[in-house]
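Quick note: the sequence shown uses the numbering used here, first residue 13, plus one each step.
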Amino acid sequence: MHTQVIGTTNAGKTESVILPWAIQDIRQGRGLILIDGKADQSLLNKLWGYTVKAGRERDFRLFSLGDLDSSSSFNPLIGGTAEEITERVFNAFEFENLYYRALQYEVMGQIMRIIEASRVTPTFERVVQLISDLPALEHQAAQLEDVSLRRWVERYKQLSTSDRDLRTSGLLSSLGQFANGKTASLFNAKENGINLDDALSKNQIIYFQLPVLLSPFLGKATGKLVLQSLQAAVANRHRGQNKEKRFFSVFLDDFSEYLYPGFVSILNKSRSANVGIVFAHQALGDIQGLGEPIANAILTNSNLKIFMRGNDPGSAEYFSKVLGTKTGTKFTERQTKGWFERVEKTGEMSVREVEEFLIHPNAFKRDLGVGQAVMLVPHEGGSKIVRIKFDRFPDVWVKGLPAVRKEKLGLLDSPAPKPKVQAAPGEVPEEEMPEAEPGSVAEGINAAALKNKNAEVTANKETA
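Put into structure tokens, the structure is as follows:
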């Protein structure tokens, strides 16, 4: 069952709902994934503390763009076909021009097919290498049996520098965020520390700390890549027909920055895979800004609703409408206006039935304290409204997270540069001849011209 938690800042979404539920999962041996766009250190400390208390340190994995020492590595290019990985990457990036997006999509797809056919581990660093280093790309393609890939490399090589830039500049800029800099070791490590297929099958505890304010591009793009990797892992879980599917929780805290349109498709499939998703956000505007299809999918697929204090009138009215109305009686007494604007009651009264909110919108704006909420709980006979005060778990002091060793995988093999042959006085160096396509007529003409010219120089020397 999916859950929607709505409440303003300091209403208690994280401390009163997400953390207690996550701690219960930890204590009961279940797995979970928590994606946090705020990167709250107190949340990490408490999550790790209760993991240690439960004796499940080996199940815990942290991925953090801010705490590089304690962070495990995560390679979103692992898992899936070349086409699936290309789609995954392009869903994470934003392209203003659809035409150039299509050109760059084609380059990325072919590079991923070459890596796939080469049976090597893909990394962002290696993708950047093959796109920008023509000798390395030629060397890799020359070892393939796939003729179509080798032909594509030849065509790509023959493009002018400006044409190649059109097809790669924006893509290289985005990929470079993952391939270079301090965080590169997180995405290009030799050992993949976090694998979401393993997380679901082995009931691991995964915490993604993605500070969108600190790293706007990298935080958003990584969040989208994580969700797409999760989508692939859920699909793989469906294929394991004979394996037990233990309940697995996914907590998305303030998710509007990294949700992508294709995530809607996971909502129905994850339920049958025994994966429950908790959406936590501040107001309706957070999901409406993602587009009507996404907003409707979240609203309609989240059967368990938790409404906490909010300042947004639209959200408060939505809460009341979801909870429903009851039939009430409204009495109206007639009045007349007398001398000097004096109002006098006539004693005549009318009675009519009206529909009233079960809980008025004002109750959500001013009557709920921190950790207090109104829940709509579905059951076989319908649904029930419950007023609840969530308990907060106290802090636990344990030894801090250990450092995680990460070794970068490295680049692919590239051909060594040809040694320069010193030309005799008067001879034409080979590198000064015009470049020609290998195997072409022009290449034969260049070779013959070079041979004749140098033979002529040698003959002149002997005559002299």
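Just so it is clear, CB atoms sit at the ideal spot from N, CA and C, and this is done for glycine as well.
Under a three-way DSSP split, which group does Pro390 fall into?
strand
Looking at the unbroken alpha helix (DSSP H) that takes in Asn76, where does it start and where does it end?
The sequence as given places Ser at residue 76; Asn does not occur at that position. That residue, Ser76, is in no alpha helix (DSSP H); its beta strand (DSSP E) goes 72-76.
Would you tell me roughly how many angstroms separate the C-alpha atoms of Thr195 and Ser85, rounded to the nearest one?
10 Å
Does the beta-carbon of Pro88 have 16 or more other beta-carbons within 10 angstroms, so that it is buried, or is it exposed?
buried
If you run the structure through DSSP and keep just helix, strand and coil, what is Lys65?
helix
Do you know offhand how far Val262's Cα is from Leu46's?
6 Å
Nearest residue (CA-CA) to Leu146, options Val159, Arg167, Ser130
Arg167
Nearest-angstrom Cα distance between Val410 and Arg70?
15 Å
Hey, could you find the ends of the beta strand (DSSP E) Gly288 is sitting in?
287-293
Considering just the uninterrupted stretch of the alpha helix (DSSP H) at His250, what are its terminal residues?
228-251
8 Å Cβ cutoff met for Phe275 and Gln300
no
Distance between beta carbons of Ser186 and Phe75, contact taken as under 8 Å
The pair is not a contact, with the Cβ atoms about 19 Å apart (cut-off 8 Å).
Going by DSSP, which residues form a beta bridge with His14?
Ser314
What residues are listed by DSSP as bridge partners for Ile47?
Phe220, Leu264
Identify every residue that forms a DSSP beta bridge with Arg399.
Val386
Tell me the DSSP bridge mates of Ser362?
Thr344
Please classify Lys232 as buried or exposed, where buried requires at least 16 neighbouring CB atoms within 10 angstroms.
buried
I want to know whether the stretch 53-72 touches the stretch 328-337 - three or more CB-CB distances under 8 Å.
no
8 Å Cβ shell around Gln53 - same chain, five flanking residues per side excluded:
none
Which residue or residues does DSSP assign as beta-bridge partners of Ala196?
Per DSSP, none; premise fails for Ala196.
Assigned secondary structure, Phe369 (DSSP; H/G/I helix, E/B strand, else coil)
strand
Near Phe369, which residues of its chain fall below 6 Å by C-beta distance, leaving aside the five closest residues on each side in sequence?
Ser332, Thr337
Closest by CA to Gln294, which one among Gly235, Met320, Thr339, Leu230?
Met320
For Val363, count neighbouring C-beta atoms within 10 Å of its own C-beta (all shown protein chains included) and say buried if the count is 16 or more, exposed if not.
exposed
What residue from Gln141, Ile217, Thr93, Arg113 has the CA that sits closest to Val64's CA?
Ile217
Hey, would you say Tyr270 sits closer than 8 Å to Leu226, going by beta carbons?
no
Could you tell me how far apart the beta carbons of Ser83 and Leu198 are, in whole angstroms, since I believe they sit closer than 8 Å?
6 Å
By how many angstroms is the C-alpha of Ser174 removed from the C-alpha of Glu150?
19 Å
What are the start and end residues of the alpha helix (DSSP H) that includes Ile30?
It is not in any alpha helix (DSSP H) - Ile30 carries neither H nor E in the DSSP assignment.
Would you mind working out which of Glu108, Leu171, Thr180 sits nearest Tyr117, comparing C-alpha positions?
Thr180
Three-state class that DSSP yields for Glu356 in the structure shown
strand
At which residues does the alpha helix (DSSP H) containing Met320 begin and terminate?
Premise fails: Met320 is in no alpha helix (DSSP H) and is neither H nor E.
Using alpha carbons as the reference points, say which of Ala385, Arg39, Gly182 lies closest to Tyr111.
Gly182
Quick check: Ala292 and Lys25, are their CB atoms within less than 8 Å of each other?
yes
Apart from the five residues on each side of it in sequence, which residues of its chain come closer than 6 Å, Cβ to Cβ, to Val382?
Gly24
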